[in-house]
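One structure below.
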């Protein structure tokens, strides 16, 4: 049974498109101010770029679930309306389309609306896309499938004024697995982890987590709540945020700052006050209708019709290392590794065909900017690998150190300092051609690398074993050097989340050589059996600095190189240009 058959995955409304057309026309006639229109368009997923004449459009996919029809629509949009004919998978399971003209937005929205996808509340001070574990329903360690609960929460909040005129953005996530927090619940405003207690389904609830310039781990609000109370208790948390959030200083307006201002006891008291109102109204318990049990998709002879990889093909054997067996015998979940989260227009079409041939007609996005193909019969795997090779998405090393995550950076974002996507390409090249450090790269295979073009952590650098965020150093004579702040030892564990430590700043053009020296340090100094993340969490800062050596710029700039004043991928000398961001608009 397909995901679309099990769940109602349609979240769109023709009225959204009609409203956007009407308001856009009023704005063009001068009847609405630029600021009011800005607030309006952000709530409809239209985000400004540093290139003034174009915008970014963000399309929401709760839980990252994408149908073949939606993938084909994405192909058409990327091909016809974007400058570089591609889309970008985000760390929150959305697809973003950059360089889209404002006049084309209604047409693009309308195309997605037909497929059930929406841009409503994808940006702005709203309940953003609700994310979920991409292995929900097929994981061998999950308490139960969180998908229907996630969808119920999306529907409760979508288009509701009380949930979408907030002091700041509001992010939520669901996790069902017990072996790993794929949904990163510990860094969300509200995080739900599925649990069973005395035969009753429920959730462990975390609140007030977040990253950006002041990262904060989520606070455990409940060890367990029955699943029937999840919707009402979430409403209570959102109403606390609406009431106590800082509407004067948007830089201090996330839920984590409410927790800081009220204190844990004060926050819980404010929350219980809102819960009491729901109890009095008799609306605390809101049962969620569950879909039929998931069943395997039908056998498809087309999956075996094409060429297959040889069982002893070394590339195929390496690719199999990142294929995850499902709890359903005979099936596997396959991660498609994308280059920096990008998908070309033709690849969207080809992925749609692949989803209909090898699985149930859907794919799921993960928060490492990849796609997960579920319900693949093990007999299909050699054929699927060749099919992925043919469309250019069979890169090896998904969910390893080779799988570098990056925000769009200064390619399009007003707030970005550096071109983070170019750093991702730069580091990937060094990892692939590591030379004498190849053994170091293999030893550090389980580490992850995440990059943001500024401190705001859209690339989630705080929670990576090796994280980078863009910054700048002034070196005199009007010269500026693009640099990256190195963070080490971040990530998720049984206790929640650990944020990486600030270590040192590295010139952008030296980041590749610095990375290999860092991995060599791990190779040479690790303890027996010590994984890379644990090593980077404990290694002394002075040892890292010593190992990096002349990959760092000295305090007197005596080792300044000629190319240090150029950002990666750029031919003009670096001149930091930060505009007005719209994250807090």
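Numbering (the UniProt record's numbering), first residue to last: 1 to 585. Positions of the beta carbon are idealized from the N, C-alpha and C atoms, including for glycine.
Item                                                                                                                                                              : Value
With distances taken between CB atoms, is the gap from residue 357 to residue 375 smaller than 7 Å?                                                               : no
For residue 63, which of 256, 76, 9 has the nearest alpha-carbon?                                                                                                 : 9
Please state if the CB of residue 497 and the CB of residue 194 are separated by a distance shorter than 7 Å.                                                     : no
Would you mind working out which of 196, 133, 109, 73 sits nearest residue 181, comparing C-alpha positions?                                                      : 133
Between the C-alpha atoms of residue 586 and residue 167, what's the straight-line distance to the nearest angstrom?                                              : This structure gives no information on residue 586, because the portion of the chain shown stretches from 1 to 585.
Is the beta carbon of residue 45 closer than 7 Å to that of residue 58?                                                                                           : yes
So, is residue 329 buried or exposed, given that buried needs 16 or more other C-beta atoms within 10 angstroms?                                                  : exposed
In chain order, which beta strand (DSSP E) runs of at least 3 residues are fully inside the region 87-144?                                                        : 95-100
Output the distance between the C-alpha atoms of residue 642 and residue 425, rounded to the nearest integer angstrom.                                            : In the structure displayed, the chain extends from 1 to 585; residue 642 sits before or after that span and is not available.
Nearest by alpha-carbon distance to residue 179: which of 154, 143, 200, 190 is it?                                                                               : 143
To the nearest angstrom, report how far apart residue 104 and residue 32 are at their CA atoms.                                                                   : 19 Å
Provide the residue span of the beta strand (DSSP E) that contains residue 571, from first to last.                                                               : Careful: residue 571 lies outside any beta strand (DSSP E) and carries neither H nor E.
Could you tell me how far apart the beta carbons of residue 60 and residue 342 are, in whole angstroms, since I believe they sit closer than 8 Å?                 : With a Cβ gap of about 19 Å, residue 60 and residue 342 do not count as contacting.
Using a Cβ-Cβ cutoff of less than 6 Å, which residues in the same chain neighbour residue 340 once the five nearest sequence positions on both sides are dropped? : 406, 421, 424
What's the C-alpha gap between residue 470 and residue 278?                                                                                                       : 45 Å
For residue 13, name the three-state secondary structure that DSSP assigns.                                                                                       : coil
Find the nearest neighbour of residue 267 within the set 521, 365, 445, 236, judged by alpha-carbon distance.                                                     : 236
Give me the Cα-Cα distance between residue 15 and residue 159, rounded to the nearest whole angstrom.                                                             : 11 Å
Which value, in whole angstroms, describes the spacing of the CA atoms of residue 282 and residue 228?                                                            : 13 Å
Going by DSSP, what residues sit across from residue 189 in a beta bridge?                                                                                        : For residue 189, which the question treats as bridged, DSSP gives no partner whatsoever.
Grouping DSSP H, G and I as helix and E and B as strand, with all else coil, what is residue 584?                                                                 : Reliability of the predicted coordinates at residue 584 is poor, the pLDDT of 45 falling under 50, and no value is obtained from them.
Under a three-way DSSP split, which group does residue 194 fall into?                                                                                             : strand
Measuring only the C-alpha atoms, how far is residue 552 from residue 164?                                                                                        : 45 Å
Which whole-angstrom value is the C-beta distance of residue 251 and residue 245, which I expect to be below 8 Å?                                                 : Residue 251 to residue 245, Cβ: 12 Å. No contact.
If you draw a straight line from the alpha carbon of residue 255 to that of residue 213, how long is it in whole angstroms?                                       : 14 Å
Give, in chain order, every unbroken run of the alpha helix (DSSP H) that is at least 4 residues long and sits entirely within the region 352-401.                : 381-390
Three Cβ pairs or more, each shorter than 8 Å: is that satisfied between the region 505-515 and the region 479-489?                                               : yes
Can you check which of these residues, 172, 419, 299, is closest to residue 234 by C-alpha distance?                                                              : 172
Alpha carbon to alpha carbon, how far is residue 369 from residue 514? Give it in angstroms, no decimals.                                                         : 24 Å
Determine whether the beta carbon atoms of residue 380 and residue 296 lie at a separation below 7 Å.                                                             : no
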